[in-house]
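K.L.:
Note that the working numbering has the sequence shown beginning at 4, numbered continuously upward.
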Amino acid sequence: MKQLLAILSIATIITLGLFACNKWKDPAPTNDPRLTNPYCNDPDAVNYNWGFPGKPDNSLCFYPKDLFIGTYMYVDSVYITDRNLFIYADTVYLHIYSRPASNSKIAIVGFCGSDSLKLTAGASYVATIDTLIGDTLTSRGQQWCRVKDTVSGTVFNSRIDTLLHINLQIVSDTGITTHIGKAKKI
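1. When the Cα of Arg37 is compared with those of Cys43, Ser155, Pro46, Pro56, which residue comes out closest?
2. Who are the Cβ neighbours of Met76 in its own chain at under 7 Å, not counting the five residues just before and after it?
3. Tell me which residues share the same chain as Leu171 and place their Cβ nearer than 6 Å to its Cβ, disregarding the 5 neighbours each side in the sequence.
4. Can you tell me whether Leu7 is buried or exposed, with buried defined as 16 or more other CB within 10 angstroms of its CB?
5. Closer than 6 Å by C-beta to Asp176: which residues in its own chain qualify, once you throw out the five before and the five after it? Chain order, please.
6. Excluding sequence positions up to five away, which residues of its chain have a Cβ less than 7 Å from the Cβ of Gly184?
7. Report the residue from Ser119, Thr131, Asn52 whose alpha carbon sits nearest the alpha carbon of Leu63.
8. Have a look at Val174, Cys148, Leu70 and flag the residue whose alpha-carbon is nearest the alpha-carbon of Gly137.
9. Using the three-state DSSP reduction, which class does Asn106 fall into: helix, strand or coil?
10. Taking just the CA atoms, how far does Ile90 sit from Arg162?
11. Which residue spans inside the stretch 32-101 form an unbroken beta strand (DSSP E) run of at least 3?
12. Roughly how many whole angstroms lie between the Cα atoms of Tyr82 and Phe114?
13. Taking C-alpha atoms, which residue in Leu140, Thr74, Tyr66 lies nearest to Ala48?
14. Helix, strand or coil for Thr18? Go by DSSP, reduced to three states.
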C-alpha cells in the first residue's frame with residue numbers, strides 16, 4: 004500500500020510538473036482609447052514621462068541645453084569671498100550656445116572676450132562648470148580670464164522668475180572672489 008501511494012504521489016508530481024512547464028504566452032496588445040495624451044519618452048529629456056500614461060511623442064521633448072540657450076544681459080556683483088566685501092558691479096552680455104553632439108553640453112561667451120566657459124546642464128535646471136583643470140590638491144574648474152585664475156560654479160534657471168542665477172567662484176594668485184548675479188534673456 005505504501006508503495007502504491009508513493010508511486011501515485013510521484014506520478015501526480017510529474018504530471019503537475021509537466022503542466023507547470025508550459026510557456027506563458029502574452030495576450031495580444033490592445034489600444035486603450037483613453038490613452039491619447041502625448042508625452043515625451045526620451046530619458047535624456049527634461050520633460051521625460053510628463054503626461055504619462057498616454058502615447059509616446061518625442062517631438063514634445065526638450066533637453067537641458069534648451070533651458071539655457073540664448074543671449075542674456077547679466078548684472079554681476081563681485082565680492083572678496085573670505086571677507087564678503089563688495090568690490091564692484093558690472094553688466095555683461097552673455098551668449099549661451101549648444102556644444103555639438105550633446106543634449107546637455109553648453110558654453111557661455113562674454114565673460115572673457117571670445118573665450119567660452121564649458122558647462123554641463125542637467126534636467127534639474129542647473130548647469131555646472133565642467134572641470135577641465137585641477138586635481139584633488141588644487142582648485143578644480145576651468146581657466147578664467149588669466150592663466151592664474153580658475154573658475155568653478157553653477158548657473159541655475161529659475162522657473163519662478165525666468166532668470167538665470169549665476170554663482171561663480173574664481174581662485175587666483177591674488178585671492179578668491181565670488182561673482183553673483185542674475186541674467187535676463189534678451
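Ideal Cβ placement from N, Cα and C applies to all residues, glycine included.
The model shown is predicted, which means the values in this text are computed figures rather than measured ones.
P.N.:
Taking the structure as given:
1. On the sequence shown, residue 37 is found 34 positions in, with the first residue counted as 1. Nearest option by C-alpha distance: Pro56.
2. Looking up residue 76 in the sequence shown gives position 73. So the list reads Thr94, Tyr96, Ala186, Lys187, Ile189, once near-sequence residues are dropped.
3. As a first step, residue 171 must be located in the sequence shown, where it is residue number 168. Excluding residues within five positions, the ones whose Cβ falls inside 6 Å are Val154, Gly156, His182.
4. To locate residue 7, count along the sequence shown from 1; it is residue 4. Exposed, by the Cβ-count rule.
5. In the sequence shown, the residue the question calls residue 176 occupies position 173. Closer than 6 Å at the Cβ level, and outside the excluded window around Asp176, lie Lys151.
6. Position 181 of the sequence shown, counted from the start, is the residue given in the question as residue 184. Apart from the 5 residues on each side of it in sequence, Gly184 sits with its Cβ closer than 7 Å to the Cβ of Tyr77, Val78, Asp79, Ser80, Ile169 in its chain, given in chain order.
7. As a working mapping, residue 63 is identified with position 60 in the sequence shown. The residue with the shortest Cα to Cα distance from Leu63 is Asn52.
8. In the sequence shown, residue 137 corresponds to position 134, counting from 1. Out of Val174, Cys148, Leu70, Val174 has the C-alpha closest to the C-alpha of Gly137.
9. The count along the sequence shown starts at 1 and reaches residue 106 at position 103. Coil at Asn106, not helix or strand.
10. On the sequence shown, residue 162 is found 159 positions in, with the first residue counted as 1. On the sequence shown, residue 90 is found 87 positions in, with the first residue counted as 1. Spanning the two alpha carbons is a distance of roughly 30 Å.
11. 73-83, 88-101
12. Your numbering for residue 82 matches position 79 in the sequence shown. Your numbering for residue 114 matches position 111 in the sequence shown. Distance between the alpha carbons of Tyr82 and Phe114 is about 16 Å.
13. Translated into positions along the sequence shown, residue 48 becomes position 45. Per the C-alpha coordinates, the member of Leu140, Thr74, Tyr66 positioned closest to Ala48 is Tyr66.
14. On the sequence shown, residue 18 is found 15 positions in, with the first residue counted as 1. Three-state result, Thr18: helix.
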